[in-house]
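Residue numbers (my numbering): 998 to 1217.
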């Protein structure tokens, strides 16, 4: 959405959405804040004083931070988001206390949460994550935000209905395999199967919603 690629998804054929990886928001273990409620209170008081750390500008965690701001009555254009080129840089900034709060997929932070070096304070999923049963969703905390970093499969442009049907069947078979189940568990991915036209409609709706948030936040 933020860039201008030479091709776009409307030129390809939607096959299936496979997974969604939800964001986990964390604090460094020595943070003066102990909960999302405390971070939000500071955000309301002085938006610029809360440094959000995450991936590139327009990444899922950036959008999630803007959505949180909007939901708690703060202008999303005023959030102080620090973009990092990779997960390693963002993790180092969080551990070093160079940002107030960090966001990413669970797999990025898992070892640091387990080791007690990061405190998970909220997830962007519709229900609690299997690996973080004690961490409430944002919705549970009164913040109406749900967003995931989904992955899907597309086919070539112009394939016919039978070819598309065959591809959907092949992918459906693959996601029912033991190897796929192991990959989901290893990476902390949430199954999110949606195929064919339903997947295409989801993408159209998702992009429209995300673009609206990004425009209001000054990302695009």
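All residues carry an ideal CB built from backbone N, CA and C; glycine is no exception.
Computed from a prediction, not measured in an experiment: that's the story for all the values here.
As the crow flies, the alpha-carbon of residue 1108 is around 30 Å from that of residue 1069. Check the Cα spacing between residue 1053 and each of 1032, 1028 and 1081: the tightest is with 1081. When C-beta atoms of the stretch 1107-1123 are compared with those of the stretch 1039-1053, fewer than three pairs fall below 8 Å, so the two segments do not count as touching. Residue pairing by DSSP places residue 1017 opposite 1147 and 1187 in a beta bridge.
The residue from 1061, 1041, 1214 and 1085 with its alpha-carbon nearest to that of residue 1021 is 1061. In the structure shown, residue 1069 adopts coil according to DSSP, grouped into three states.
The stretch 1155-1163 makes no contact with the stretch 1021-1041; the number of CB pairs closer than 8 Å stays below 3. Fewer than three beta-carbon pairs drawn from the stretch 1032-1043 and the stretch 1100-1114 are found closer than 8 Å, and the two stretches are therefore not classed as touching. In the three-state DSSP reduction, residue 1078 falls in the strand class (E or B). A distance below 6 Å between beta-carbons, with the five flanking residues on each side excluded, links residue 1184 to the following residues of its chain, in chain order: 1104.
By the Cβ test, the stretch 1159-1172 is not in contact with the stretch 1137-1147, since fewer than three Cβ pairs between them sit closer than 8 Å. Under DSSP, residue 1003 takes part in no beta bridge, so it has no partner. Rounded to whole angstroms, the separation of the alpha carbons of residue 1214 and residue 1190 is 30 Å. Fewer than three pairs of CB atoms, one per stretch, sit closer than 8 Å, so the stretch 1132-1142 makes no contact with the stretch 1163-1183.
As computed with DSSP, residue 1117 is found in a beta bridge with 1023. The criterion of a C-beta distance shorter than 8 Å is not satisfied by residue 1065 and residue 1151.
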